[in-house]
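S.K.: Take this structure, written in C-alpha cells, and hold onto it; I'll ask about it next.
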Amino acid sequence: MSAEIEARIKELGITLPQAAAPAANYVPFVISGSHLYISGQLPMENGKVAITGHLGDGVDVATGQRAAELCAINILAQAKAALGGDLSRIRRIVKLNGFIASTTTFIEQHLVMNGASNLIAKVLGDSGIHARAAVGMAALPFNAAVEIDAVIEIA
Numbered sequence: 001m002s003a004e005i006e007a008r009i010k011e012l013g014i015t016l017p018q019a020a021a022p023a024a025n026y027v028p029f030v031i032s033g034s035h036l037y038i039s040g041q042l043p044m045e046n047g048k049v050a051i052t053g054h055l056g057d058g059v060d061v062a063t064g065q066r067a068a069e070l071c072a073i074n075i076l077a078q079a080k081a082a083l084g085g086d087l088s089r090i091r092r093i094v095k096l097n098g099f100i101a102s103t104t105t106f107i108e109q110h111l112v113m114n115g116a117s118n119l120i121a122k123v124l125g126d127s128g129i130h131a132r133a134a135v136g137m138a139a140l141p142f143n144a145a146v147e148i149d150a151v152i153e154i155a
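If you read the sequence shown in full-length UniProt numbering, its first letter stands for residue 1, the second for the next number, and so on.
Okay, here's the thing in C-alpha cells:
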C-alpha cells in the first residue's frame with residue numbers, strides 16, 4: 001500500500017518536502033492511541049511561505065486553493081515523518097481544519113479548502129475522504145494565506 005501511495009504522489013508530480021520544524025513552542029505532531037494529530041501547516045514551498053495575504057484582497061480563490069494544496073502536501077510530509085516513512089499506516093484522514101486569512105466580505109473559504117481536500121483524496125483514495133472545517137481568519141502566522149491542521153487515524 002505504501003508503494004501505491006508513493007506512486008500516486010509521484011504521478012501527481014508532487015515531491016514531499018522534509019517535514020518542517022516547529023516555528024514556536026509546540027511539536028509538529030502527536031500520536032495518541034490510534035490517532036495522529038498534525039499541527040497547523042502553512043503553504044511552505046522551498047523552505048518559505050509561498051502564498052501570503054488575504055483572500056478577497058489580492059489573493060484569488062485559485063491561488064488560495066494552491067495554498068491549501070501546499071498545506072496538504074506539508075501535512076503528508078509530517079505524517080510520513082511521524083509514521084517512520086510509512087504512509088500506508090494511514091487508515092483515514094478523520095478531519096482537516098482550514099484557517100483562511102480573508103477579508104470580512106470573503107465567503108468562499110469552503111472553495112479554498114477544496115484545494116487540500118481534493119489533493120488528499122487523490123493521494124489516499126477513500127482513506128482521504130474526511131470531515132473538515134473552513135474558517136475565515138483576520139491574520140495567520142507569517143502572513144500566510146492558509147493554515148491547515150489534521151486528525152488522522154493510523155494503524
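The C-beta atom is built at its ideal place from N, Cα and C for all residues, glycine as well. Given the structure is predicted, the values throughout are model-derived calculations rather than measurements.
Pick out whichever of M44, K10, A81 has its Cα sitting closest to the Cα of A68.
M.R.: Here the question's residue 68 lines up with position 68 in the sequence shown. The shortest C-alpha separation from A68 is found at M44.
S.K.: Which residues mark the beginning and the end of the alpha helix (DSSP H) in which S2 is found?
M.R.: Along the sequence shown, read from residue 1 onward, the residue named residue 2 stands at position 2. First-last of the alpha helix (DSSP H) with S2: 2-11.
S.K.: Are the CB atoms of A19 and L42 nearer to each other than 9 Å?
M.R.: Your numbering for residue 19 matches position 19 in the sequence shown. Your numbering for residue 42 matches position 42 in the sequence shown. Against a cut-off of 9 Å, the Cβ pair of L42 and A19 comes out as no contact.
S.K.: I'd like the span of the beta strand (DSSP E) that includes A131, first residue to last.
M.R.: The residue you call residue 131 lines up with position 131 of the sequence shown. A131 -> beta strand (DSSP E) spans 131-137.
S.K.: By the DSSP assignment, the beta strand (DSSP E) with E147 in it spans what residues?
M.R.: Here residue 147 refers to the residue found at position 147 of the sequence shown. E147 -> beta strand (DSSP E) spans 146-154.
S.K.: Is V135 a contact residue of the ligand ZN, with contact defined as CB to any heavy atom under 8 Å?
M.R.: Of ligands this structure carries none, so the ligand ZN is not represented either.
S.K.: Is it true that the segment 27-39 meets the segment 109-122, where meeting means three or more beta-carbon pairs spaced less than 8 Å apart?
M.R.: No contact exists between the segment 27-39 and the segment 109-122.
S.K.: Would a C-beta distance cut-off of 9 Å place L76 and S2 closer than the cut-off?
M.R.: Numbered from its first residue, the sequence shown carries residue 76 at position 76. Numbered from its first residue, the sequence shown carries residue 2 at position 2. Not in contact: L76 and S2 (Cβ atoms no closer than 9 Å).
S.K.: With 16 as the cutoff for other CB atoms within 10 Å, does N74 come out buried or exposed?
M.R.: To locate residue 74, count along the sequence shown from 1; it is residue 74. Buried, by the Cβ-count rule.
S.K.: Are I31 and A72 touching if we call contact CB-CB under 9 Å?
M.R.: Stepping through the sequence shown from its first residue, residue 31 is reached at position 31. Stepping through the sequence shown from its first residue, residue 72 is reached at position 72. Cβ atoms of I31 and A72: not closer than 9 Å.
S.K.: At which residues does the alpha helix (DSSP H) containing N74 begin and terminate?
M.R.: Within the sequence shown, residue 74 is the residue found at index 74, counting from 1. N74 -> alpha helix (DSSP H) spans 61-82.
S.K.: Along the chain, where does the beta strand (DSSP E) containing A19 start, and where does it finish?
M.R.: Position 19 of the sequence shown, counting from 1, holds the residue named residue 19. First-last for A19: undefined, no H or E at that position.
S.K.: Can you tell me where the beta strand (DSSP E) holding A101 begins and where it ends?
M.R.: In the sequence shown, counting from the first residue as 1, residue 101 sits at position 101. Counting along the chain, the beta strand (DSSP E) containing A101 begins and ends at 90-101.
S.K.: For D126, name the three-state secondary structure that DSSP assigns.
M.R.: As a working mapping, residue 126 is identified with position 126 in the sequence shown. It is helical.
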